[in-house]
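Okay, structure first, notes after.
Number of protein chains: 2
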Amino acid sequence: MGERFERVAILGLGLMGASLGMALRAGSLTGTVAGYDAVARVAERARGRGAVDAAYATVGEAIAGAELVVLAAPVLALRELLAALAPHVAPNAVVTDVGSTKAQVVTWAEEMLPAPECFVGGHPMAGREQSGVEAADPSLYRACVWCLTPTRRTAEAALRRVEGLVTALDARPFILGPSQHDAAVTSISHLPLVAAAALTLTAAADRAWPDARILAAGGFRDTTRVASGDPRMARDICLTNTEPLVAGLDVYIARLQALRDRIAARDATLEAEFSGAQRAREAWLNA
Amino acid sequence: MGERFERVAILGLGLMGASLGMALRAGSLTGTVAGYDAVARVAERARGRGAVDAAYATVGEAIAGAELVVLAAPVLALRELLAALAPHVAPNAVVTDVGSTKAQVVTWAEEMLPAPECFVGGHPMAGREQSGVEAADPSLYRACVWCLTPTRRTAEAALRRVEGLVTALDARPFILGPSQHDAAVTSISHLPLVAAAALTLTAAADRAWPDARILAAGGFRDTTRVASGDPRMARDICLTNTEPLVAGLDVYIARLQALRDRIAARDATLEAEFSGAQRAREAWLNA
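Protein sequences, first through last, are from chains V and L.
8 is the number of the first residue of the first sequence in the working numbering; add one for each residue after it.
8 is the number of the first residue of the second sequence in the working numbering; add one for each residue after it.
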């Protein structure tokens, strides 16, 4: 199962990148982990936390000799990383990413990289509300589903190598197309993100907030948890998965409006909606 | 701090009532805990789990000799319990409840009880997504904020006794008016409940659900957690806190619609909304 790389470069050393570096080093899954971050002191902190063996000041230095390059940044920053990477990447190096949306990222990668067949889009379904290198955790990816989104152009060998990495990290590879990925994560990740941010802002702007903030407990904490995530990541999701997300929001808003109207009408049969939600969630948890 | 009652009756032995009985018995905070549930086998199971010393088949038997009567049922069922209680309750017995909404409950209690001054509305800000006696837990109320909603008619002595009970349970009494309570919990409890149910139904009805359900992870789990709660409790909240909840939903829907429009317009400045939500949530967590 184990896939060993002599040298891995991680570009972007926030929560996702630094956690990956820690996991690779803790499991001795790679000879050397080289790191780069656009913010030099983030790279230094990642080195200090043991997430990388060495931190470099440029993308070119970080990827020199790397068999595997992992891009770990909010989606719009991936475009800049790809541009910086393209002139320096070795022809046989495998390149992957851990970005939140895939259709846009894969399109950029296949346009910009000299060997598009060596790019494999990726997205581990793992995270936490804290962001940044300080929140990094070598167990972040353990047992998570890790999406891989090859296209017709992707080399089978590149896909197999990234799959091997995912398996070696004790995560579960799940292969699907880039647009299929984006459609699937819309309702279970992007919509919850917008819903949680809107809920937090609604509560905090309410005139009852001075009392409400004292009464708010586990329900509010959990329902809004993802609103504490990195705002740039959220913005980039909105800007690169726009159409599915807008369509999803339209469905969500229509459903809320229908519930609102039934509540206003004091319709006791709306218990069936809550029962349906309860059943759907239990079926998901039990699967 | 400790308030000791020789005999407490708990009417309704689901999650909230059975957890209360367990906590009272575990802390030796009362001589005897008598229990009643509209469903006889629920009362038997509560006794089997050690939540009550004895289970009775009627409200009248359960409350005989009780100095304190606690009503623990979804809000509409509280009306029936109050009706069953009124002919039997001792004139000096203190009556309280743990229902989700307060204005309607307090109105019913003050109309129906022979000694309205002995009623103190209550609402512990504690719960979990599992419902029923099986989910009961003696530590459910530990450290929670426990709302008490006296009115002009409430006797000071009754309020002090219930406050003493709350303190003895290691919970924190928080006194506010019934309508003030309902306004405060709308945005941090009732709105999250409707939002979570709508989100669960939206995701489960999406055509991408067969993939999405495999990818759904901690973010979806937490954002929808409260949708696994008791549907009857949710329905009764909608039917008894209707106007505040409808007004809250209108604000929430308008905010979602505004975000939706800015996403559709690919407005990069919407990052400020996510930053605002992040800051508001962090300020709440740190308080």
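All C-beta atoms, glycine included, are put in the ideal place defined by N, C-alpha and C.
Quick caveat: nothing in here was measured; it's all calculated off a predicted structure.
Whole-angstrom distance between residue j and residue i, CA atom to CA atom
i      : j      : result
L/A275 : V/P238 : 11 Å
V/G134 : V/D229 : 15 Å
V/L155 : V/A84  : 20 Å
V/A142 : V/G19  : 14 Å
L/R52  : V/A290 : 26 Å
L/I195 : V/E250 : 30 Å
L/E136 : L/A234 : 7 Å
L/P121 : L/V127 : 14 Å
V/V15  : L/L200 : 45 Å
L/A79  : V/R232 : 29 Å
V/E68  : V/P123 : 21 Å
L/P157 : V/S186 : 56 Å
V/I221 : L/A215 : 39 Å
V/L252 : V/E163 : 31 Å
L/A254 : L/I244 : 14 Å
V/L256 : V/L263 : 10 Å
L/R267 : V/R168 : 39 Å
Simplified DSSP assignment, three categories, for residue i
i      : result
V/P157 : coil
V/H188 : helix
V/A279 : helix
L/R220 : helix
L/D268 : helix
L/M8   : With a pLDDT of only 41 at L/M8, under the threshold of 50, the placement of this residue in the model should not be trusted, and no figure is reported.
L/H130 : strand
L/G28  : helix
L/E13  : strand
V/P180 : strand
V/G38  : strand
V/T103 : strand
V/L147 : coil
L/V152 : strand
V/V77  : strand
V/L18  : strand
L/A97  : coil
L/A116 : helix
L/A58  : coil
Residue i versus the options, residue with shortest Cα-Cα distance
i      : options                           : result
V/A110 : V/C125, V/A100, V/V82 and V/A210  : V/V82
L/R86  : L/P98, L/G34, L/G255 and L/E117   : L/E117
V/M119 : V/D144, V/A100, V/A90 and V/C125  : V/A90
V/A6   : V/A61, V/A223 and V/P199          : As shown, chain V starts at 8 and ends at 294. That puts residue 6 of chain V outside it, with no answer to give.
L/A241 : V/P199, V/A284, V/Q264 and V/D189 : V/A284
V/G72  : V/L200, V/G226, V/G38 and V/R54   : V/G38
L/D144 : L/R262, L/R11 and L/G21           : L/G21
L/A175 : L/A150, L/A261 and L/R267         : L/A150
V/R159 : V/L263, V/C125 and V/Y148         : V/C125
V/S26  : V/V59, V/R262 and V/A45           : V/V59
V/T161 : V/I182, V/S146 and V/A224         : V/I182
V/G55  : V/G28, V/V77 and V/I70            : V/G28
L/L246 : L/A165, L/S107 and L/A30          : L/S107
L/A212 : V/N248, V/G225, V/V169 and V/V258 : V/V258
L/R260 : V/A204, V/G236 and V/A279         : Note that residue 260 of chain L corresponds to Ile in the displayed sequence, not to Arg. Nearest of V/A204, V/G236 and V/A279 to L/I260, Cα basis: V/A204.
L/N99  : L/A279, L/A165 and L/A265         : L/A165
Neighbour list for residue i in chain V, Cβ cutoff strictly below 7 Å
i      : result
L/Y63  : Per Cβ cutoff of 7 Å: no residues; L/Y63 is ~28 Å from chain V at best.
L/C2   : Residue 2 of chain L falls outside the range modelled here, since chain L spans only 8 to 294, and no answer is possible.
L/S194 : T209, A210, D213, A215 and A219
L/E51  : Residues of chain V passing the Cβ test: none, with the nearest at roughly 25 Å.
Contacts that residue i makes with chain V (C-beta to C-beta distance below 9 Å)
i      : result
L/F12  : Ordered by position in chain V, no residue passes the 9 Å Cβ test against L/F12, which lies about 26 Å from the chain.
L/G134 : A224, G225 and G226
L/R86  : Under the 9 Å cutoff, chain V gives no residues; its nearest Cβ is about 14 Å from L/R86.
Residues of its chain near residue i, where Cβ-Cβ distance is below 6 Å and the 5 sequence neighbours each way are ignored
i      : result
V/W153 : P131, V173, A178 and P180
L/M8   : The pLDDT assigned to L/M8 is 41, lower than 50, so where the model puts this residue is not dependable; a value taken from the coordinates is nonetheless given after this. Taken in chain order, the residues that qualify are T174.
V/A33  : P145
L/L75  : F12, V15 and V101
Nonlocal neighbours in the same chain, by C-beta distance under 7 Å from residue i, ignoring five residues either side
i      : result
V/R269 : L277
V/V40  : V15, I17, G28, L31, R32, V59 and D60
Partner residues on chain L for residue i, Cβ-Cβ distance less than 7 Å
i      : result
V/W291 : R220 and A223
V/P145 : Per Cβ cutoff of 7 Å: no residues; V/P145 is ~17 Å from chain L at best.
Nonlocal neighbours in the same chain, by C-beta distance under 8 Å from residue i, ignoring five residues either side
i      : result
L/V66  : L18, Y43, L88, A91, L92 and H95
V/Y323 : For residue 323 of chain V there is no data in the structure shown, the boundaries of chain V being 8 and 294.
Interface residues of chain L facing residue i [CB-CB closer than 8 Å]
i      : result
V/D229 : D229, T230, R232 and V233
V/T108 : Residues of chain L passing the Cβ test: none, with the nearest at roughly 13 Å.
V/P199 : L206, G226, F227, T230 and T231
V/I260 : I260, L263, Q264 and R267
Amino acids of chain L, ordered along the chain, whose beta-carbon sits closer than 9 Å to that of residue i
i      : result
V/G283 : A204, T207, L208, A211 and P238
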